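The C-terminal residue of the sequence shown carries number 395 in our numbering, and the numbering is unbroken. Just below is one structure, and these are the notes that go with it.
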Amino acid sequence: MKREKYETYLNNDKYYKVVGIYTKHEPLLTALQENIRYLIKQTEAAGLFDQDERSMRNLNRELYTFNCFFAFKQVLLKTDYNSDAAKREMIEICRNYYRNNKKELMNIDEFERTYESQDAIYWYTKQTFLYRLVNKALRTEDYEAMLVLRFFILDLCESLRQNYEELKQHSQIVISYRGLKLIPQEIYNLNTLGTIQFSYEISARCHFYE
């Protein structure tokens, strides 16, 4: 087989599944082993984030579960960790998860190059891979996923705390509105007596009118 005959497939988006062209068994087997290891990592990343989501819970019926999750979040926020190592771990897993999504891979590259702690809210409201994965981790109450994302979650929580402290200095009450799609059961929960806890950060954009 002439390798040159098929090299055009490597740079053609139409044949994105072609990862290499080999004319000998040894490099082919080596490439297969590397791709299998990569696919295992990708599968682990997919399994980490692809779980059933819950937008809210009824605290009257699920108080114990709520307390456990709340305690975990408090411990997570107060735990010392190596930020550089946590960032590398998070980026590696995000890249595995979005392996076939060129747009999100570009966002991940941009995040790796430019991110600073004070940019956490900006990146969360940008609604890219971080917005989706953080919300999914919180909605599924996935402890393992939250540990993977702890580098960003801690920065986000600290930025929200600082913004809240600044907002408290103003006497004027700020009213904001947010649209949200709910399944019938969630609407029923809101209409019945009880305390509801949202399992993700609620964001809204403010427009001021005279």
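We put the beta carbon where it would ideally sit given N, CA and C, even for glycine. The structure displayed is predicted, hence computed values, not measured ones.
query	result
Under 6 angstroms Cβ to Cβ from Arg-317, same chain only, skipping five residues before and after it: list those, please.	none
Is it a yes or a no for the stretch 300-312 touching the stretch 336-355, going by three-plus beta-carbon pairs under 8 angstroms?	yes
Distance check for Gln-370 and Ala-216, CA to CA, integer angstroms please.	49 angstroms
Using DSSP with H/G/I as helix, E/B as strand and the rest coil, what is Glu-295?	helix
Classify Tyr-207 as helix, strand or coil using the three-state DSSP reduction.	coil
Take Asn-292 and list the residues in its own chain whose beta-carbon comes closer than 7 angstroms to its own, dropping the five residues that flank it on each side.	Thr-313 and Phe-314
Cβ of Glu-274 within 9 angstroms of Cβ of Val-333?	yes
Under a Cβ-count criterion, where at least 16 other Cβ atoms within 10 Å of its own Cβ denotes burial, should Thr-299 be classed as buried or exposed?	exposed
Is the beta carbon of Glu-297 sitting closer than 9 angstroms to the one on Lys-272?	yes
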